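With positions in the sequence shown counted from 1, the corresponding number in this note's numbering is that position plus 1.
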Amino acid sequence: MASDLETHLGYWLRFVSNHVSHAFSLKLQARDVTVAEWVVLRDLFDGDGVPPSLLADQLGMTRGAISKLADRLVAKELVERTASTEDRRQQTLALTAAGRKLVPALSALADRNDAEFFGHLKPAERAALEKTLKDIVRRHGLKTIPTR
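Shown next, in the form of structure tokens:
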């Protein structure tokens, strides 16, 4: 006999995650930003400039993925690349003024999305859920930032 899908916590986790992620993706899409681009923009928001290799390490992405994301964000004029004066092969990525202005608006969308899906939880329930999820991440050594 095979167990039913609904008996697995992973099924329910994926069910909720897919809906939360899709709703957020649609909100970002209205601002011409993907979830992966949002993750990069938000990470760059706290700094003055980051080498692409460090950004890749911080986000658990490949350097190739960061390069493609940076290309798209540069084309959208949300990120700028600056070459090192000592070694032109070394670059730094930083938000443009438009990118810096956009991040708080996108963050508000993320907050709204969270409120839509989790706002009904009592503070203790939300804290317990967050603690449980973080414990799973820690126990399994999960590092890759979700970007889809």
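Ideal Cβ placement from N, Cα and C applies to all residues, glycine included.
Model, not experiment: these values are computed from the prediction.
### Message
Assuming the contact rule is C-beta atoms closer than 8 Å, Arg82 and Ala71 should be a hit. Round their C-beta distance to whole Å, please.
### Response
7 Å
#### Entry: Residue from Val138, Ala24 and Ser68 with nearest C-alpha to Asp112
Between Asp112 and the set Val138, Ala24 and Ser68, the nearest pair of CA atoms involves Ala24.
### Query
Ile146: buried (16+ other C-beta within 10 angstroms of its C-beta) or exposed?
With fewer than 16 Cβ atoms within 10 Å of its Cβ, Ile146 is classed as exposed.
### Message
Can you tell me which residues form a DSSP beta bridge with Ala95?
### Response
Glu81
### Task
Please check the pair Leu56 and Val80, which I expect to be a contact at CB under 8 Å, by giving their CB distance rounded to whole angstroms.
In fact, because the Cβ distance is near 10 Å, the residues do not count as touching under 8 Å.
### Query
alpha helix (DSSP H) containing Glu38: first to last residue?
Val36 to Phe46
### Cβ neighbours of Tyr12 in the same chain (closer than 6 Å, five flanking residues each side left out)
Leu6
### Task
Mark Glu38 as exposed unless 16 or more other C-beta atoms lie within 10 angstroms of its C-beta, in which case mark it buried.
buried
### Message
Here's the rule: buried if 16 or more other CB atoms are within 10 angstroms of the residue's CB, otherwise exposed. What is Lys28?
### Response
buried
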